[in-house]
Each structure stands twice: as C-alpha cells, then as structure tokens.
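J.: Take a look at this one; I'll ask things after.
In this note's numbering, the protein residues as written are 87 to 325.
See the structure below:
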C-alpha cells in the first residue's frame, strides 16, 4: 500500500499526462471539479495538487480563467561561459546521452577545413558525427573535426561518446571559442535525427575552439533544436 499522500499521487499523474502531451504547453487544464471526477478524489485534494504544480513551475494560475500548462524553460548555452554539452547537462540536472554516428580518421579532409586550422600539410584529422540527447530526448547534432594529436588516446581506444573538452584538456587548457550562430529551417536528414519536422527552426552553430595558447583544436558545425535551446552571451563595449 502506498504511503504517498493522495495529492502527491495526483500531482504525479497529472505530470505524467503533461509529459506525454495529453496536456500540452499552453493548454488550459480541466477545472478542479472535472479533475476531481477524473481522479476520483475531493476538490480540496485537487487544489493541493495544483498548488504543488504551481510551485514546481509546471502550471500557472490565471485568476478567473484557470490553470494552464507552462512551457518548459529552454537550455541556455553560453550562460555560464564556455562549456561542454556534458557540463551543461549537469547544470540542468539532466542525464546526457551520446550516439556516435560516424568516426573517421584521414589526412584527406576538405581544403576549407585545413585552412580553418591554418594547416597547409595533410595532417591526420578525426571527423566525428554524433547525436547528443538529454534524458533520451534528441537535442543537438554535432559535426566535428579535430586533429588526431588532440586525442588523449589512440583512435581505436578513445571514447568518442565522452566530453571532447575534457579529453583535449588532458593535453592543454582550452582558452576560448569563436562562434557564429544562424537560425535556419531544418533539412529533412537532420530533422529525422533530432525527432522534429522538416523545416522546423533550428540554430546552426559554427564554432572554432582554441587552446589557451591560441592554437585551434576543434571545429564544429552543430544543429540545435530551436524549441529547446537559446544562446546567451555578454558583449563588452570597447573603451
């Protein structure tokens, strides 16, 4: 027999319906009377459950209108400085998952990529494509190039599902990244991987990460879901 208070059980059942999309963001919830009928409990219990959901910021009460499902806050990238996906997940108290879709090591990389690294010779580089998820929900598709010498282990034994920042910093500290962000319509091939619809808005990030000594160590082209991400930056005025 459950020792959990009835109002908490009702809270959890309503949350399950919200998470399943039965009550989507922005929708008005049924009245207290209707919910009491649905869950076979008193309206006092429903009101207590609603108070808890308001405190959890899952619903909002509009006086005279009723209770509405809140839109969950988007992930803020850049709000706490230069961070890896794994570090952001920890801050959001979420679990990160990584699906490695492609790993290829080659000296035959596009000239444009070599130029970004200021390389004129054919040096071994790793091309990595991976899907990043939070709590098993696809969030970001990463397309990454980095010189093989930046890896902290041989390609055959290196964990490409882990934090690349952490791996690079085993050799040298990361200093900064130059980023360019563009809002675009999502191509069909990317949309399938991100579990969204073709032409849904996504944020296209192009970024070069540099070591503290100014040497370029990683270039990425990543697609971030527009319904899940915002990018935050602080700009200082030149004096």
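Here a beta-carbon is modelled for each residue, glycine too, at the ideal position from N, C-alpha and C.
#1: Suppose you measure from the CA of residue 281 to the CA of residue 259; what does that come to, to the nearest Å?
#2: Please report the straight-line C-alpha distance between residue 113 and residue 154, rounded to a whole angstrom.
#3: As a quick exercise: from 200, 257, 276, pick the residue whose alpha carbon is nearest that of residue 215.
#4: For residue 213, decide whether its Cβ has a neighbour in chain D, counting only Cβ atoms nearer than 7 Å.
#5: Just to confirm before moving on: does the CB-CB distance between residue 231 and residue 309 stay below 7 Å?
#6: Buried or exposed: residue 289, going by 16 or more other Cβ atoms within 10 Å of its Cβ?
#7: Would DSSP call residue 229 helix, strand or coil?
#8: Just verifying my parser: in three-state terms, what is the DSSP assignment at residue 180?
#9: Got a sec? Which residues, its chain only, sit under 7 Å from residue 270 by beta carbon, not counting five neighbours each side?
#10: Which complete beta strand (DSSP E) runs does the segment 231-281 hold, if anything under 3 residues is left out?
#11: Let me know the beta strand (DSSP E) ranges lying completely inside the segment 106-156, each 3 residues or longer, listed in chain order.
#12: Can you name the start and end residues of the alpha helix (DSSP H) that residue 201 belongs to?
#13: Between the Cα of residue 92 and those of 125, 278, 257, spot the shortest distance and give me the residue it belongs to.
#14: Just to confirm before moving on: does the CB-CB distance between residue 139 and residue 145 stay below 7 Å?
#15: Looking at the structure shown, is residue 95 part of a helix, part of a strand, or coil, going by DSSP?
#16: So what's residue 293 in DSSP terms, helix, strand or just coil?
#17: In whole angstroms, give me the CA-to-CA distance for residue 106 and residue 156.
#18: Identify which residue in 180, 181, 119 has its Cα closest to the Cα of residue 152.
#19: Do the CB positions of residue 221 and residue 257 come within less than 7 Å of each other?
#20: Please look up how many angstroms separate the CB atoms of residue 205 and residue 234, rounded, as I've assumed it's under 8 Å.
#21: Go ahead and label residue 100 buried or exposed: buried means 16 or more other beta carbons lie within 10 angstroms of its beta carbon, across all protein chains shown.
T.: The short version:
#1: Along the chain shown, one-based indexing puts residue 281 at 195. Along the chain shown, one-based indexing puts residue 259 at 173. For residue 281 and residue 259, the distance between alpha carbons rounds to 35 Å.
#2: As a first step, residue 113 must be located in the chain shown, where it is residue number 27. As a first step, residue 154 must be located in the chain shown, where it is residue number 68. Rounded to the nearest angstrom, the two C-alpha atoms are 6 Å apart.
#3: Stepping through the chain shown from its first residue, residue 215 is reached at position 129. Checking every option, the nearest Cα to that of residue 215 belongs to 276.
#4: Judged by its chain identifiers, the structure shown contains no chain D, having just a single protein chain.
#5: Translated into positions along the chain shown, residue 231 becomes position 145. Translated into positions along the chain shown, residue 309 becomes position 223. Going by C-beta atoms, residue 231 is not nearer than 7 Å to residue 309.
#6: Position 203 of the chain shown holds residue 289. Buried is the call here.
#7: Position 143 of the chain shown, counted from the start, is the residue given in the question as residue 229. In this structure, residue 229 counts as strand in the three-state DSSP scheme.
#8: The count along the chain shown starts at 1 and reaches residue 180 at position 94. Coil, per DSSP.
#9: For this step, residue 270 is matched to residue 184 along the chain shown. Excluding sequence neighbours, residue 270 sits near 288, 290.
#10: 260-271
#11: 145-148, 152-155
#12: Taking the chain shown and counting its residues from 1, the one referred to as residue 201 is at position 115. Element bounds for residue 201: 197-202.
#13: What you label residue 92 is simply residue 6 of the chain shown in a count that begins at 1. Taking only the C-alpha atoms, the option nearest residue 92 is 125.
#14: Numbered from 1 along the chain shown, position 53 holds the residue referred to as residue 139. Numbered from 1 along the chain shown, position 59 holds the residue referred to as residue 145. It is a contact, given that the beta carbons lie within the stated cut-off.
#15: Position 9 of the chain shown holds residue 95. The answer is helix: DSSP assigns residue 95 an H, G or I state.
#16: Residue numbering aside, residue 293 sits at position 207 when the chain shown is read from its first letter. Of the three classes helix, strand and coil, the one that applies to residue 293 here is strand, per DSSP.
#17: As a working note, residue 106 is residue 20 in the chain shown. As a working note, residue 156 is residue 70 in the chain shown. Each residue's Cα considered, the two are about 14 Å apart.
#18: Taking the chain shown and counting its residues from 1, one reaches residue 152 at position 66. Of 180, 181, 119, the residue nearest in Cα terms is 119.
#19: Numbered from its first residue, the chain shown carries residue 221 at position 135. Numbered from its first residue, the chain shown carries residue 257 at position 171. Going by C-beta atoms, residue 221 is not nearer than 7 Å to residue 257.
#20: If you number the chain shown from 1, residue 205 lands on position 119. If you number the chain shown from 1, residue 234 lands on position 148. Residue 205 to residue 234, Cβ: 12 Å. No contact.
#21: For the purposes of this step, residue 100 is identified with residue 14 of the chain shown, where counting begins at 1. The residue is buried, with at least 16 neighbouring Cβ atoms inside 10 Å.
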